Amino acid sequence: MINARLRISMQDIRTLLRHYDGEQSSKREVARLLQLSPGTVRNYLRRAEAAGLSWPLPERLTDEELEALLFPHSGPISCRPQPDRNQVHQQLSRKGMTLERILFDWIQEYPNGYSYGYFCACYKKRCRAQKITMRIHHKAGERLYVDFAGKRMEVMDPSTGQVTKVQIFVAAMGGSNYTYVEAMPDQTLRSWIEAHVRCLTFLGAGPASLSAIT
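In structure tokens, the structure reads:
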């Protein structure tokens, strides 16, 4: 249990999630970076896992919404009107229906609701808890899903035998599942951008939108 007065800032939590790569050594590195105890870092990582959060975070997710996901029922956001998620799941079974469209219609009636990023994170958490598969209809070339996959892997230079740890960048087209994979040295913004540039060059075209898998 983390006392509200002792919580680190949401900006620091974003930094924590951005730098954590799934390994024990990474926890210690993040703890040193943010000047936190390893136990505190583990606590926040457990909360992030329980909320279904990983880096990159959902687009347009505000600090208030991030805090509400990590610390449920602890802030004023929990008092806002919320869509019926069972009804949302039923609506998604209709042809052509998307989360964007459902939330857009709902916000017209309840403008004081919350953002698309927060709603998607909440819905994903519910799907995980109830083992629900979210149905998404894709148009060819419309969306490219991108993320760093899993834990670090190791690659060996055949000429020197030197072993280097790498992060695996994965991009997949929504309609065809056509996939691009590249090993990157880390998950920094520079590597994130460089991987996208080479991916789009490889594909020879750009999708209508990019979606980070969270």
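Each residue of the sequence shown is one higher than the one before, starting from 15 at the first, in this note's numbering. Virtual Cβ for every residue (Gly too), placed ideally from N, Cα, C. Here the structure is a predicted model, which is why all the values come from computation and not from measurement.
Looking at the unbroken alpha helix (DSSP H) that takes in residue i, where does it start and where does it end?
i              : result
serine 205     : 203-217
tyrosine 58    : 52-64
methionine 111 : Unbroken run through methionine 111: none, as it is neither H nor E.
threonine 29   : 24-33
Just list the residues that DSSP pairs residue i with in beta bridges.
i                 : result
glutamate 168     : Lys179
arginine 157      : Ser223
threonine 193     : Ala186
phenylalanine 231 : The question about residue 231 has no answer here: the residues shown for the chain are numbered 15 through 228.
By DSSP, does residue i sit in helix, in strand, or in coil?
i                : result
phenylalanine 85 : coil
arginine 74      : coil
alanine 18       : With a pLDDT of 47 at alanine 18, under the threshold of 50, the modelled position of that residue is not reliable, and the figure given next carries that caveat. Here alanine 18 sits in helix by DSSP.
Going by Cα to Cα distance, which pick from the options is closest to residue i?
i              : options                          : result
cysteine 134   : Leu80, Leu214, Tyr58 and Pro52   : Leu80
arginine 28    : Arg46, Leu67, Lys179 and Ser225  : Leu67
proline 52     : Ala185, Arg42 and Asp200         : Arg42
aspartate 26   : Val44, Gly220, Ser40 and Ile207  : Val44
alanine 186    : Arg166, Gly220 and Leu48         : Gly220
isoleucine 207 : Pro172, Asp161 and Gln176        : Asp161
serine 223     : Thr112, Tyr159 and Pro70         : Tyr159
leucine 203    : Trp69, Ser225 and Gln104         : Trp69
lysine 179     : Lys165, Leu83, Val211 and Pro172 : Lys165
alanine 197    : Gly188, Gly189 and Cys213        : Cys213
methionine 24  : Phe85, Ile182 and Ala163         : Phe85
alanine 8      : Gly175, Tyr194 and Pro172        : For the chain, the structure presents residues 15 to 228; residue 8 sits outside this window and is missing.
arginine 61    : His103, Arg46, Leu30 and Tyr137  : Leu30
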